[in-house]
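Residue numbers (the UniProt record's numbering): 1 to 727.
Virtual Cβ for every residue (Gly too), placed ideally from N, Cα, C.
As the structure is a prediction and not an experimental result, all values here were calculated from the model.
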Amino acid sequence: MPKLVTVAVPCPLRRGFDYLWPETLGLEAEIGLRVSIPFGRQQLVGVVIARDAVSDIPSNKLKAVLSVLDEHPCLPPNLVQLGRWAADYYHHPVGDCFQQMLPVALRKASPPKDKPAQYWRLSADWEQLPEIASRAHQQLSLLAVIRQAGQLSRRQIKDLGYSNAVLNTLINNGYLQQADAPVTPQPPSGNTELALNSEQQLAVSAISNSLGQFARYLLDGVTGSGKTEVYLRSITECLARGEQVLTLIPEIGLTPQTLERFESRFPGQVRALHSGLSDGERYRSWQDIRSGRAQILLGTRSAVFTPFQKLGLVIVDEEHDASYKQQDGWRYSARDIAVKRAADHNCPVVLGSATPSLDSLHNVGQDRYQLLELRERAGVASKPDIRLLDIRQQNLDEGLSNTLLDAAHDTLQAGNQVLIFLNRRGFSPLLQCHGCGWVANCQACDAKMTAHFGRRELRCHHCDAREALPSICPQCHNSQLIFQGPGTERLELSLKRHFPDVDVIRIDRDTTSAKGSMQSLVDGIRDGRPSILVGTQMLAKGHHFPDVTLVGIIDIDGGLFSADFRAPERSGQLLVQVAGRAGRADKPGRVYIQTHCPDHPALLALVSEGYQPFAQQLLAERQLLSLPPVSFSAVIRADASSLRCAEDFLAAIRAELAPGDTRWSIVGPLPAPMTRKAGRFRAALILQAERRPILHRQLAIACHTGDRLPKHKSLRWSVDVDPIDLF
């Protein structure tokens with residue numbers, strides 16, 4: 001009887017495929033091995049997810065595995081089990097799940113190139129060399145980091161945000177020399193830079209006492225309360241047990257500053273994993289953690305699937321952040337997968353945030369999570385003074401009120417820094433003709449084109465379509481074109497006009513797209529010189545700017561009146577996170593919120609009572625309306641070359657779902673609010689149930705129906721379980 005294996009094949013079908021395992025392979029079949037297999041006319045790389053399978057297909061009709069690509073399984077049994085569970089939970093093709101769990105270098109049949117890392121240390125005579133100029137901040141900073149760590153690889157130096165140019169300058173000038181081999185990392189020192197207050201100590205004790213067992217903690221700490229120090233102390237305790245740590249962060253932009261702090265505490269033991277690295281760099285970090293050569297992994301969403309030798313602690317920083325939810329393809333939540341991994345490895349998981357998601361707060365209320373609170377800012381920092389600015393019937397200069405401009409002037413005169421927040425990049429969100437009323441619309445989306453003045457172009461922020469910025473109206477040829485509303489680029493120019501002698505630093509996706517640009521801008525801010533920061537939500541996430549004492553929030557009103565029931569939660573989180581950038585050191589901070597709705601109950605609750613009462617009020621509303629997280633939901637989306645095609649497909653799925661059960665409901669098919677996007681028309685079915693098993697039973701029927709329905713060649717469809725957006 002020939003041996004059989006089940007292989008997860010990267011294809012759109014929601015099942016594994018049976019293959020023969022010929023003796024000529026010379027290896028025993030093991031779960032987690034990568035194999036090369038024939039699939040149709042292609043030759044693909046799959047992962048063995050079961051062996052000794054019993055197939056419904058006669059063995060003489062089964063194809064055989066062509067070759068084995070690993071000497072030992074690249075995925076351990078616990079990760080294979082996780083992948084199969086996740087494919088079932090998210091109702092996604094199992095082969096695509098396993099494809100995404102592998103580093104890109106392992107998705108191909110050719111062996112990855114494992115180039116040895118170069119390590120650099122201080123030269124023996126570096127102190128006798130000429131002193132580096134004080135303005136060369138990056139060189140001085142890198143020299144200090146290497147001096148503390150002993151030696152660092154070129155990859156680790158890049159992870160910390162230093163460019164090759166900075167490193168090569170130090171090498172060429174003789175300050176650094178190549179080390180022969182990596183030094184074995186020293187165990188972490190018990191000494192820490194910061195003393196813990198009583199709340200931090202209680203949190204560290206609770207986490208440390210639960211090492212070696214599964215426990216779920218929500219670390220709810222106001223901005224600046226020292227959550228990172230709690231993480232670092234807990235990591236120290238975990239490493240002392242000989243175990244590894246997974247730490248997730250939401251954005252690549254946070255990696256350099258977080259990695260620098262981790263590396264200073266645990267030199268040589270930290271690896272980064274995010275999409276900003278090359279395929280080779282990601283593979284080497286993955287290998288270092290898998291082999292146990294490194295103890296701490298700091299990464300973004302996909303790092304949650306990295307194999308560990310002995311995982312002892314999982315940390316999810318800024319757990320509320322929407323970036324943890326994959327929004328295309330396999331729509332998994334890295335935060336939720338992290339909790340599952342902690343359960344599988346029988347270790348604690350810590351979800352940290354100054355503005356916890358309603359999902360996590362609901363879990364605390366249901367006694368699923370243990371709440372750890374940090375209500376006071378660490379050290380001598382104090383809570384900022386928050387004030388609502390009523391801008392109704394006031395003259396605004398590019399969106400800026402006179403009160404905010406005067407406060408900015410006083411702050412800069414005092415030698416401090418100002419942060420101006422507007423979650424809208426570009427110069428203006430709308431270009432209109434003053435003569436005939438023509439508006440620059442995207443030709444592929446139901447959306448307006450955003451003007452980017454510096455690049456002289458119109459850009460759609462939904463499909464990335466681009467056009468040259470016109471000088472006259474294309475409809476009536478009038479030259480009077482009006483830019484309606486400000487974006488960050490327009491604010492930057494306006495602030496430079498008001499404060500010509502002050503550096504205005506803009507941080508948004510347009511100014512941080514180049515590699516290392518984010519770190520360079522952040523370093524400029526940390527020089528401490530009086531300056532103005534202008535940016536989008538990239539500035540709201542975890543950055544520590546000790547000299548920022550004034551935060552101005554330009555427009556928060558839009559989120560208060562959105563049709564999405566999650567919009568007030570997101571707006572509240574964003575407002576509190578941005579406000580938390582003020583007064584983080586020994587200088588008191590102020591926050592001015594410009595609004596046309598100064599009497600809005602949500603704004604008043606946030607300003608007068610803080611985030612917790614605001615969140616509890618939203619939870620009570622969700623309970624009343626039976627909305628998530630009180631209930632459970634999923635969205636089945638479809639898009640096609642015509643709206644009718646998408647809606648007909650979803651209607652056919654709906655017709656097959658079990659009727660007459662009051663424990664679940666279905667809405668749709670509904671066209672998306674932005675029905676046409678990138679030339680395709682979108683619609684959705686929204687499912688909601690009292691209990692999760694009921695929802696998944698309906699989704700199983702829906703997927704089975706959708707897979708067998710005849711489809712127009714243009715149709716695409718997907719399932720989103722626990723969605724954060726309904727369309």
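- Under the DSSP definition of a beta bridge, R387 partners with Y592.
- Between L4 and W21, the C-beta spacing is below 8 Å.
- Per DSSP, the unbroken alpha helix (DSSP H) holding D344 starts and ends at 334 to 345.
- If you draw a straight line from the Cα of G95 to the Cα of C11, it comes to about 6 Å.
- Scanning its chain for C-beta atoms nearer than 6 Å, with the 5 sequence neighbours on each side dropped, one finds around L167 the residues I157, in chain order.
- When the Cα atoms are used, N423 and L575 turn out to be separated by approximately 11 Å.
- The beta carbons of F421 and V548 sit no closer together than 8 Å.
- Nearest Cα to E251 within the set P2, Q213, S291, T300: T300.
- Residue burial annotation: R155 is buried, with at least 16 other C-beta atoms found within 10 angstroms of its C-beta.
- Around the beta carbon of Q287, 16 or more other beta carbons sit within 10 angstroms, so the residue counts as buried.
- P356 sits in coil when the DSSP states are folded into three classes, being neither helix nor strand.
- For G40, the three-state secondary structure derived from DSSP is coil.
- Non-local beta-carbon contacts of S59 in its own chain, meaning distances under 7 Å to residues more than five positions away in sequence, involve P2, L20 in chain order.
- Here L361 is not near P598, since their CB atoms are 8 Å or more apart.
- DSSP lists S428, L458 as the beta-bridge partner residues of A451.
- Q577 and T355 have their C-alpha atoms some 7 Å from each other.
- The bridge partners DSSP lists for G552 are I420, Y592.
- Within the same chain, and ignoring the five residues on either side of S665 in sequence, the residues whose Cβ sits closer than 7 Å to its Cβ are Q688.
- In the structure shown, S631 falls within a coil segment according to DSSP collapsed to helix, strand and coil.
- In the structure shown, A678 adopts coil according to DSSP, grouped into three states.
- Using a 10 angstroms sphere on the CB of R466, the tally of other CB atoms stays under 16, which defines it as exposed.
- Within the same chain, N423, L574 come within 7 Å of Q537 by CB-CB distance, once the 5 residues on both sides are set aside.
- Only residues of its own chain outside the window of five on either side were considered, and among them R425, T488, G535, T536 have a CB closer than 6 Å to the CB of D508, listed in chain order.
- Looking from the CA of L13, the closest CA among W717, N478, R637 belongs to W717.
- A straight-line Cα-Cα distance of about 13 Å links P103 and A109.
- In the structure shown, the three-state DSSP call for P348 is strand.
- The C-alpha of D279 is placed about 38 Å away from the C-alpha of I701.
- With a cutoff of 8 Å on beta-carbon distance, S479 and A451 are scored as not near each other.
- In the DSSP assignment, D406 falls within the unbroken alpha helix (DSSP H) covering 402 to 413.
- In the three-state scheme derived from DSSP, where H, G and I count as helix and E and B as strand, K496 is classed as helix.
- Beta-bridge annotation (DSSP): W120 is paired with L152, Q178.
- When only Cα atoms are considered, I337 and S234 end up about 21 Å apart.
- Between Y89 and Q178, the C-beta spacing is not below 8 Å.
- Here H72 is exposed, its C-beta having fewer than 16 other C-beta atoms within 10 Å.
- In the structure shown, N78 adopts helical secondary structure according to DSSP, grouped into three states.
- For the pair V47 and S67, the CB atoms are not nearer than the 8 Å cut-off.
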